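Q: Dropping the structure in here first, questions after.
Residue numbers (UniProt numbering): 1 to 269.
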């Protein structure tokens, strides 16, 4: 496994950091008895999960284990067959304005950057605050430039996405999600589409967000990040949560044969 170096930076301002740490101990994300099928394929099996405010949960497991599907159910990008999902105590709405409002509280960063190709970097970051939050354009641009500076790409603000590297585009995607002042951030394998030399620049940003108190759920194969940033790790296989614990517990004393096999493969490369 390659060595990982994490830079020091500050992404959230002091007010955001204080807000992120308020009500520590309160459950911000809750999944109870969640089930999901794709036809005959049972992809999520009785998922029960609680994430406290300010907690960083890293989700690991082999491909096809249901990690990304579970992550995407949290803001209803994927529907569920049964069970309950709550965000900050509120059940996830089925559709309509209530769902849109709740989605605005949940930032998500995907494997692909999903930036608007026909808009500048600055426009990508300000679009949702202006359209959804009805923020004044001047304020939105000021906050966007601050966020772009904090993730190290403010000099690229007037460029188009195609002019940036993959790592730069993913950092813009993180800034875009943060611009909505989310209560929780979801990361679905955010480094998997990047060239190896670009991975660390994205992980640096994620580690700093974790240290600053942002509630985060991260699906990743980056074990160095999991060790350094996670408060808890869950291990999934065959649509089930097989293990949950601290990084030390998971990496040093895995309890199941599936987890032991997974770690033996992923930590030897």
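C-beta: ideal position from N, C-alpha, C; glycine also. The model shown is predicted, which means the values in this text are computed figures rather than measured ones.
Is DSSP giving residue 134 helix, strand or coil here?
A: The answer is coil: DSSP assigns residue 134 none of H, G, I, E or B.
Q: Our contact map puts residue 27 next to residue 60 with C-beta atoms below 8 angstroms; I'd like the distance itself, whole angstroms only.
A: At roughly 22 angstroms, the Cβ-Cβ gap does not stay under 8 angstroms, so residue 27 and residue 60 are not in contact.
Q: Can you list the alpha helix (DSSP H) stretches of 4 or more residues lying completely in the region 115-185, in chain order?
A: Entirely contained in the region 115-185, the alpha helix (DSSP H) runs reaching 4 residues are, in chain order, 121-131, 137-150 and 166-178.
Q: By the three-class DSSP mapping on this structure, what secondary structure does residue 214 have?
A: Three-state DSSP puts residue 214 in coil, outside helix and strand.
Q: Here's a check: name, in chain order, each residue in its chain whose Cβ is nearer than 6 angstroms to the Cβ of residue 275, leaving out the five neighbours to either side.
A: In the structure displayed, the chain extends from 1 to 269; residue 275 sits before or after that span and is not available.
Q: Sort 199, 180 and 193 by Cα distance to residue 134 and report the nearest one.
A: When only C-alpha atoms are compared, the closest one is 180.
Q: Can you list, in chain order, the residues of its chain with a C-beta nearer than 8 angstroms to that of residue 100? Leave out the 5 residues immediately preceding and following it.
A: Answer for residue 100: 132, listed in chain order.
Q: Taking Cβ to Cβ, would you say residue 183 is nearer than 9 angstroms to residue 74?
A: Taking 9 angstroms as the Cβ cut-off, residue 183 and residue 74 do not qualify as a contacting pair.
Q: Under the assumption that residue 57 contacts residue 174 (Cβ atoms under 8 angstroms), give the Cβ distance between them as a whole number of angstroms.
A: About 17 angstroms separates the two Cβ atoms, so there is no contact after all.
Q: Run through the region 187-245 for me and flag every whole alpha helix (DSSP H) of 4 or more residues, listed as ranges in chain order.
A: The qualifying runs are 196-211 and 223-229.
Q: Of the choices 241, 223 and 213, whose alpha-carbon is the least far from that of residue 252?
A: Residue 223 is the option with its Cα nearest to residue 252.
Q: Tell me whether residue 248 is buried or exposed, calling it buried when 16 or more other Cβ atoms sit within 10 Å of its Cβ.
A: Residue 248 is exposed by the Cβ-count criterion.
Q: Starting from the C-beta of residue 229, find all residues in its chain whose C-beta is less than 6 angstroms away, skip the five residues before and the five after it, and write them out in chain order.
A: Correct list, in chain order: 56, 207 and 210.
Q: Can you say whether residue 265 is buried or exposed, counting buried as having 16 or more other CB atoms within 10 angstroms of its CB?
A: When all chains shown are included, residue 265 counts as exposed.
Q: Within 10 angstroms of its Cβ, does residue 41 collect 16 or more other Cβ (buried), or is it exposed?
A: Exposed, since its Cβ has fewer than 16 Cβ neighbours within 10 Å.
Q: Grab the span of the alpha helix (DSSP H) containing residue 96 for me, first residue to last.
A: Residue 96 -> alpha helix (DSSP H) spans 96-103.
Q: Roughly how many whole angstroms lie between the Cα atoms of residue 138 and residue 187?
A: For residue 138 and residue 187, the distance between alpha carbons rounds to 29 angstroms.
Q: Secondary structure at residue 63, three-state DSSP: helix, strand or coil?
A: Looking at residue 63 - three-state DSSP - the assignment turns out to be coil, as it is neither helix nor strand.
Q: Whose C-beta lies closer than 8 angstroms to the C-beta of residue 153 among residues of the same chain, with five residues either side of it excluded?
A: So the list reads 121, 164, 168, 171, 172 and 175, once near-sequence residues are dropped.
Q: Can you tell me the Cβ-Cβ gap for residue 34 and residue 80, rounded? I've got them flagged as a contact below 8 angstroms.
A: Yes, residue 34 and residue 80 are in contact; Cβ-Cβ is about 5 angstroms, under 8 angstroms.
Q: For residue 32 versus residue 83, is the C-beta distance shorter than 9 angstroms?
A: It is a contact, given that the beta carbons lie within the stated cut-off.
Q: By the three-class DSSP mapping on this structure, what secondary structure does residue 77 have?
A: It is coil, neither helix nor strand.
Q: Thinking C-beta only, is residue 178 closer than 9 angstroms to residue 147?
A: Yes.
Q: Please classify residue 92 as buried or exposed, where buried requires at least 16 other C-beta atoms within 10 Å of its C-beta.
A: So residue 92 ends up on the buried side.
Q: Who does residue 255 pair with in a DSSP beta bridge?
A: Paired residues: none, contrary to the question.
Q: In terms of residue numbering, what span does the beta strand (DSSP E) encompassing residue 28 cover?
A: Where residue 28 is concerned, the enclosing beta strand (DSSP E) stretches over 27-38.
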